[in-house]
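Sequence lines, in order, name chains H and F.
This note's numbering numbers the first residue of the first sequence as 1 and each following residue consecutively.
This note's numbering numbers the first residue of the second sequence as 1 and each following residue consecutively.
Accompanying notes for the structure given below.
There are 2 protein chains.
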Amino acid sequence: MTEMETVEAAGPPSVCQEHGAANQLVRDLLDRIGDKWSLMIIGTLHRGPLRFSALQQAIGGISQRMLTLNLRQLQRDGLITRTVYAEVPSRVEYELTDLGHGLLVPALELVNWAADNAEKVRVHREIYDAEQGGTA
Amino acid sequence: MTEMETVEAAGPPSVCQEHGAANQLVRDLLDRIGDKWSLMIIGTLHRGPLRFSALQQAIGGISQRMLTLNLRQLQRDGLITRTVYAEVPSRVEYELTDLGHGLLVPALELVNWAADNAEKVRVHREIYDAEQGGTA
DNA sequence: CTGTATCCAAACGGATACTG
DNA sequence: CAGTATCCGTTTGGATACAG
Numbered sequence: 001m002t003e004m005e006t007v008e009a010a011g012p013p014s015v016c017q018e019h020g021a022a023n024q025l026v027r028d029l030l031d032r033i034g035d036k037w038s039l040m041i042i043g044t045l046h047r048g049p050l051r052f053s054a055l056q057q058a059i060g061g062i063s064q065r066m067l068t069l070n071l072r073q074l075q076r077d078g079l080i081t082r083t084v085y086a087e088v089p090s091r092v093e094y095e096l097t098d099l100g101h102g103l104l105v106p107a108l109e110l111v112n113w114a115a116d117n118a119e120k121v122r123v124h125r126e127i128y129d130a131e132q133g134g135t136a
Numbered sequence: 001m002t003e004m005e006t007v008e009a010a011g012p013p014s015v016c017q018e019h020g021a022a023n024q025l026v027r028d029l030l031d032r033i034g035d036k037w038s039l040m041i042i043g044t045l046h047r048g049p050l051r052f053s054a055l056q057q058a059i060g061g062i063s064q065r066m067l068t069l070n071l072r073q074l075q076r077d078g079l080i081t082r083t084v085y086a087e088v089p090s091r092v093e094y095e096l097t098d099l100g101h102g103l104l105v106p107a108l109e110l111v112n113w114a115a116d117n118a119e120k121v122r123v124h125r126e127i128y129d130a131e132q133g134g135t136a
C-alpha cells in the first residue's frame, strides 16, 4: 500500500533483496526459526498437545520466562493454540495449529539438511581453524 | 569416529530432542540461518561471486563489521570461499560453495513458506492484539 | 578497497521471587 | 500449576576510527 518504495527491479530476488515492508515479516518469521527455542517448541508439539510443565520438561533447559514468552509469540502468530481448562490446579494445553504444522514441513527439511551436513561443516571448521593457527 | 555418544534411540526425534553434542552443531547451523544477515548473504551470493563492497551494497544496511564477521563465519563453515586478487586496490571475491548452494535449497523453501504465509500470520497477530486490548 | 579494533546501546536470555 | 515481574549477565550488532 503506502508507497511502493520505488523498487529497482534489478533482477530475480533470490532470497530477500528489496528490503521492503513485506520482507520485514518474512525476516520476522525467519528470526523465530533461528531463535533459541521456538523451533524446538514447535517440534516438541508436533506429536500432540502438551501442557506447560510437560513442555518445559520435554524441552529441557528452558526457563519459565522463556517458555512463556515464546509460547505467547507463537500463539500471536497463529502457530499454536492455548487452551485453559477450568480445573482446580490450573491446567493449560498448547497445541500446534495447521499453520504451525505447515511451518514444520520446510523447517524440518532445513533441520535435516543441517543434520546431514553437520559432519562436513565440522571438517571445514577444523581445516579453517588449522589454517589460521599453523599456516600463513 | 570419536565415540558414538551412546544414543538413547528413544523414538522419533521430530526436530531436536536429545540435546547431545551432535545436536549442538545442528542448533549452530540453525542459529546462523536465523541471525540477521547470514541467510541474506548466502541468498545474495546465489547468482554468482561478488566482492566485498558489491555485497555490502547489494544487501543494504549491513555494517562493515557485521559483513566481515558473517563472511568469516560462513567461510569457516565451508559455505563460501574467499578469493583475494593481488591487485593495486585490494580486491576480494566471495563465492558460494556447493555446500552453500545446498543449504540454499531447504532455506529457500522456508523463505517461500514465510512469504506465502506472511499474510495469515499478520491477520493472526491483529486478532491476537485486538483480543488483548478490547476483550477479556 | 578490505578489513580490524574499540566503544556502546539494545536485545536476549537465565535465575529468582512472587501471584492467581 | 501456570504465569508475571525484576534483576542482571551475556551476546548481538551498529557507528566510528584506523590500518594494510
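For each residue, glycine too, the CB sits at the ideal point set by N, CA and C.
As the structure is a prediction and not an experimental result, all values here were calculated from the model.
{"query": "Can you list, in chain order, the residues of its chain whose CB lies under 7 Å from that of residue 19/H, leaving out five sequence neighbours each side?", "result": "Below a pLDDT of 50, predicted positions are generally treated as unreliable, and residue 19/H, at 43, falls in that range; the measurement from the model is reported next regardless. Answer for residue 19/H: no residue qualifies."}
{"query": "To which residues of the same chain is residue 42/H closer than 8 Å at the C-beta, ignoring the five residues directly before and after it?", "result": "74, 79, 80, 96, 100, 103, 104 and 107"}
{"query": "Note the first and the last residue of the continuous beta strand (DSSP E) segment covering residue 69/H.", "result": "No beta strand (DSSP E) contains residue 69/H, which is instead part of the alpha helix (DSSP H) from 64-76."}
{"query": "Among residues of its own chain, excluding the 5 on either side of residue 52/F, which ones have a beta-carbon nearer than 6 Å to its beta-carbon?", "result": "92"}
{"query": "Can a CB atom of chain F be found closer than 8 Å to the CB of residue 54/H?", "result": "no"}
{"query": "Across which residues does DSSP place residue 51/H in a beta bridge pair?", "result": "93/H"}
{"query": "Rounded to whole angstroms, what's the CA-CA distance from residue 25/H to residue 118/F? Just pull it up for me.", "result": "6 Å"}
{"query": "Who are the Cβ neighbours of residue 38/H in its own chain at under 8 Å, not counting the five residues just before and after it?", "result": "32, 70, 73 and 74"}
{"query": "Hey, could you find the ends of the alpha helix (DSSP H) residue 45/H is sitting in?", "result": "38-45"}
{"query": "Just tell me which of 36/H, 125/H and 84/H has its CA closest to the CA of residue 61/H.", "result": "36/H"}
{"query": "Please determine, among 123/H, 77/H, 86/H and 122/H, the residue with the shortest C-alpha to C-alpha distance to residue 127/F.", "result": "77/H"}
{"query": "If contact means a Cβ-Cβ distance below 7 Å, which residues of the stretch 106-125 of chain F contact chain H?", "result": "106, 107, 108, 109, 110, 111, 113, 114, 115, 117, 118, 120, 121, 122, 124 and 125"}
{"query": "Contact defined as beta carbons within less than 8 Å: I believe residue 45/F pairs with residue 34/H. What is the distance between those atoms, to the nearest angstrom?", "result": "With a Cβ gap of about 19 Å, residue 45/F and residue 34/H do not count as contacting."}
{"query": "Any beta carbon from chain H within less than 8 Å of residue 76/F's own beta carbon?", "result": "yes"}
{"query": "Do residue 94/F and residue 49/F have their CB atoms nearer than 8 Å?", "result": "yes"}
{"query": "For residue 92/H, which residues in chain F fall below 8 Å Cβ to Cβ?", "result": "Correct list: empty, because the minimum Cβ distance to chain F is about 16 Å."}
{"query": "How big is the Cα-Cα spacing for residue 114/F and residue 27/H?", "result": "8 Å"}
{"query": "Taking the CB atoms as reference points, tell me whether residue 131/H and residue 109/F lie closer together than 8 Å.", "result": "no"}
{"query": "Would you identify the three-state DSSP class for residue 121/F, choosing helix, strand or coil?", "result": "helix"}
{"query": "Within 8 Å of any Cβ in chain H, is that where the Cβ of residue 137/F sits?", "result": "Beyond the ends of chain F as shown, which are 1 and 136, falls residue 137/F; an answer cannot be given."}
{"query": "Could you work out which residues of chain F lie near residue 34/H, taking near to mean beta carbons separated by less than 8 Å?", "result": "30, 31, 32, 33, 34 and 35"}
{"query": "Could you tell me whether the Cβ of residue 48/H comes closer than 8 Å to any Cβ of chain F?", "result": "no"}
{"query": "Helix, strand or coil for residue 84/H, going by three-state DSSP, please let me know.", "result": "strand"}
{"query": "Compare the C-beta of residue 39/F against all C-beta atoms of chain H and say whether one is closer than 8 Å.", "result": "yes"}
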